[in-house]
Amino acid sequence: MNDPTSELSYTQGDIAKFLTAALLGAATAVALNALFSLPETIRSVWGLAGAGLAITFSGTSILLNEYRPAWRKLVTPAALGALIGILTLWRTLQSAEPLSESGFMMVFWIGLGAPLLVFLVLTLVATARETGGFHFPHNIMFKHAVRLPVAAAGGVAVGVAVALFISLWSAAFSALGAGWISAILTSRWTILIATAAAAGIGTTFTLHNNRLLGTGETALVIGARILLPLLAVFSAIFAVALPFTGLEPLGETLSPTAFLLALAITAKLVFNGVYQDGLRPPVRPLRWAVWLSLAVLPVYAVMALYGIGIRVAEHGLTPERFVVLVAAALVAGYTVLLLGGLLSEFTKSEKWMPPVARLNSAFAVILVVLLVMMQTPILDPLEWSARSQSARLKNETVKVEDFDFAYMQFRLGKPGKRALANMETWTEHPKSQRIRAKVREVRSKDNYWSEPTPENLERIEKITIPDDIEEKLKGFDREIRDNVKRYAMELETTAGRLRSFECEIEGMDVYNPLRTQILELIQERKSKLYDYSRPLNAARAPVSDALNAGCSPPDASPTSN
């Protein structure tokens, strides 16, 4: 009789793996805290890239069990971490304001693109390690595609549990009057290091325990087998109702197209959960549900492509539409793959739908290549969107009065700004002067929603650039020269706002414990503004005057009446 606790017996090597995983997690927490404690000018450029490198390296090391002493075991984590870090850095540099104005691509990359890329690469690497070469059998790929997320989920669960226990202990010590212990337990360092170390141990423990992995895999398969018949019935009802609703709503917004894509992607994921390794077909009722859901998939794919095609034809590309277009193309391609599997049901084969098993691995590689290329100039959605919108204006598909120049300036990052600079060189366009005026006008705006004013335009024209900087800028286009002037104006505006805030804080209750800390931070910011304004003659005096302006009495406020 098997000992039910046999899997909980660990060798010294296993214990060493747990300790190494804990150290990797703790080191990652320390690295992340250090990264996001850097000055804002450095953090805004290197913070996300460094975080991506650190998290990917440690996570890959733990999930692949490759953190043993031999240096070659670190090659894959280091290479994948470097890839994620480089792609994240490139995306940061492409986007003028990664997480605000032009933040869609950064949010897409952090929230979906990078995690999906890491997952696919890890699955392929784990499969290649097991087969001993670049051979990716579907049954082995499926095993790792399920086990890796289950192991990661186990690590997250342990990390969250430890964070909750720390909170409970902190509350208990606080109730006992030991506030200093409570403060230590709830400090950022304690929570970060303990949670990350626990997550590393939890992931390794889950990987080591085949019963946990098997339970997670069984739960996913059972969930897929329950969902598939429901999706099949819903798909059939949807297809029957389609002739009565028509396709008109698809061209109005992205929502119907996104909904169709979500349905198609969900159906494909659920199908793969039922398909598993493809060695044997499921029971007949479930097999019928598979046939029905696959038969309706072309409807989803065609309608999604039709909907996004209408939007792009009428309004041009945007980063969101580009991503949806790529997703729709992938869904259509995978639908063809699954239809091949469905047709194979009418042939004699020892395995179930053999085309699916053969082509699933190739599709994973294609997806990896696409995700990487979308973070390069080749398939950068910002680049393609800037070209598309610029072409619409140049070809007079859209009127100058209706064109959204602010979108190019604030939502398309550096490609959008380059496109605006290129518009200024259009001499053959019948409204070239109006376009140049619009470009100058949008550059005078502080953000997408603000309105340009004649005063702002006049101030930009009057700002002078020091001779030494003027000499260096001679080889650059007007966009860079205007940006230098705009930078000087922004320094003055920021200085005025900072001084107003300082006046408000100085009026606070002198016994407020935050007052002194905030005033110290304000002084640091004032010093930085002085430093930033020194190279610009036009900004130096206005910034100094704004930072040293007197505080208006409360009754002088225009809103006080």
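So the number in my numbering is just where the residue sits in the sequence shown, counting from 1, plus 70.
Heads up, the beta-carbon is just placed ideally off N, CA and C, and yes, glycines get one too.
Complete runs of the beta strand (DSSP E) confined to the segment 218-291 [at least 3 residues] = Counting only runs of at least 3 residues, the segment 218-291 fully encloses no beta strand (DSSP E) element at all.
With 16 as the cutoff for other CB atoms within 10 Å, does Ile378 come out buried or exposed?
-> Ile378 comes out buried.
What are the uninterrupted segments assigned as alpha helix (DSSP H) that are 4 or more residues long and contained completely in the segment 348-387, given in chain order?
-> Qualifying alpha helix (DSSP H) stretches, in chain order: 354-385.
Three-state secondary structure assigned by DSSP to Asn517 = DSSP places Asn517 in coil when its eight states are reduced to three.
Look at the Cβ atom of Phe638, then the Cβ atom of Tyr477, and state whether they are nearer than 8 Å.
-> As shown, the chain starts at 71 and ends at 631. That puts residue 638 outside it, with no answer to give.
With 16 other CB atoms within 10 Å as the buried threshold, where does Trp443 fall?
-> In the sequence under discussion, the amino acid at residue 443 is Met, which differs from the Trp named in the question. By the neighbour-count rule (16 or more Cβ atoms within 10 Å), Met443 is not buried but exposed.
Classification of Leu429 by the beta-carbon crowding that lies within 10 angstroms, buried from 16 upward = It counts as buried.
Once you ignore the five residues that flank Leu298 on each side, which residues in its own chain have a CB closer than 6 Å to its CB?
-> Closer than 6 Å at Cβ, skipping near neighbours: Val340, Val344, Ala359.
Rounded Cβ spacing between Pro424 and Ser431 (contact assumed at less than 8 Å) = Taking C-beta atoms under 8 Å as the contact rule, Pro424 and Ser431 fail to qualify, at a distance of about 13 Å.
Straight-line Cα distance separating Phe174 from Leu408 = Taking the straight line from one Cα to the other gives about 31 Å.
Indicate the three-state DSSP secondary structure (helix, strand or coil) for Ile85 in the structure shown.
-> Here DSSP, grouped into helix, strand and coil, assigns Ile85 to helix.
Are the CB atoms of Val228 and Gly272 nearer to each other than 8 Å?
-> Yes, Cβ-Cβ distance for Val228 and Gly272 is below 8 Å.
Beta-carbon proximity list for Thr75, same chain, < 8 Å, skipping 5 on both sides | Caution is warranted here: a pLDDT of 46 is assigned to Thr75, below 50, making its placement in the model unreliable, and the coordinate value is therefore given only provisionally. If the five residues before and after Thr75 are omitted, its C-beta is found closer than 8 Å to no C-beta atom of its own chain.
Val438 and Leu159 closer than 8 Å at C-beta | Going by C-beta atoms, Val438 is not nearer than 8 Å to Leu159.
Assigned exposure category for Ala215 - 16 Cβ within 10 Å defines buried | It counts as buried.
Taking all protein chains shown into account, do 16 or more other C-beta atoms lie within 10 angstroms of the C-beta of Asn517, making it buried, or fewer, making it exposed?
-> By the 16-neighbour rule on beta-carbons within 10 angstroms, Asn517 is exposed.
Would you check if the distance between the CB atom of Ala268 and the CB atom of Val232 is smaller than 8 Å?
-> Yes, they are a contact pair.
Does DSSP put Asn492 in a helix, a strand or coil?
-> In this structure, Asn492 counts as helix in the three-state DSSP scheme.
Is the beta carbon of Leu144 less than 8 Å from the beta carbon of Ser128?
-> The answer is no: Cβ separation not under 8 Å.
Proximity winner among Cys621, Ala565, Arg567, relative to Glu576 (alpha-carbon distances) | Of Cys621, Ala565, Arg567, the residue nearest in Cα terms is Cys621.
Take Thr265 and list the residues in its own chain whose beta-carbon comes closer than 6 Å to its own, dropping the five residues that flank it on each side.
-> Taken in chain order, the residues that qualify are Gly229, Val232, Ala233.
Reduced DSSP category for Ser431 - H, G, I as helix; E, B as strand; rest coil | Reduced to three states, the DSSP call for Ser431 is helix.
If you check the beta carbons only, do Phe482 and Ala456 fall under 8 Å apart?
-> Going by the sequence as given, residue 482 is Leu instead of Phe. Yes, these two residues count as a Cβ contact at 8 Å.
Status (buried if at least 16 other CB within 10 Å, exposed otherwise) for Ile210 | With 16 or more other Cβ atoms within 10 Å, it is buried.
Contact belief for Ala365 with Thr327 at Cβ below 8 Å, rounded distance in angstroms | With a Cβ gap of about 21 Å, Ala365 and Thr327 do not count as contacting.
How long is the line joining the alpha carbons of Asn618 and Glu110, rounded to whole angstroms?
-> Note on geometry: alpha-carbon atoms of Asn618 and Glu110 lie some 24 Å from one another.
What are the boundary residues of the alpha helix (DSSP H) that includes Ile448?
-> Counting along the chain, Ile448 falls outside any alpha helix (DSSP H), and DSSP gives it neither H nor E.
Under 8 Å by Cβ, that's how I've got Thr146 and Leu134 pegged, so tell me the actual separation to the nearest angstrom.
-> Cβ atoms of Thr146 and Leu134 come within 8 Å of each other, at about 6 Å.
Thinking just about the alpha-carbon of each residue, which of Glu594, Ala399, Ala104 is nearest to the one in Leu330?
-> For Leu330, the nearest C-alpha among the options comes from Ala399.
Please list, in chain order, all residues of the same chain as Leu441 whose beta carbon is under 6 Å from its beta carbon, the five residues on each side excluded.
-> Here Leu441 has Gly183, Leu187 as same chain residues with Cβ atoms under 6 Å from its own Cβ, once five neighbours each way along the sequence are excluded.
Okay, do the segment 447-454 and the segment 388-399 touch, 3+ Cβ pairs below 8 Å being the bar?
-> The segment 447-454 is in contact with the segment 388-399.
Measuring CA to CA, which of Ile236, Phe189, Pro207, Phe206 is closest to Ala223?
-> The shortest Cα separation from Ala223 among Ile236, Phe189, Pro207, Phe206 belongs to Phe189.
How about Leu362 and Ala306: are their beta carbons less than 8 Å apart?
-> For Leu362 and Ala306, yes; Cβs fall inside 8 Å.
So, are the CB atoms of Lys421 and Ala427 less than 8 Å apart?
-> Going by C-beta atoms, Lys421 is nearer than 8 Å to Ala427.
Inter-residue Cα distance where the pair is Leu568 and Ser107 = Each residue's Cα considered, the two are about 22 Å apart.
Using CA coordinates, which residue listed in Leu89, Val369, Leu490, Gln445 is at the minimum distance from Leu463?
-> The shortest C-alpha to C-alpha distance from Leu463 to any of Leu89, Val369, Leu490, Gln445 is the one to Leu490.
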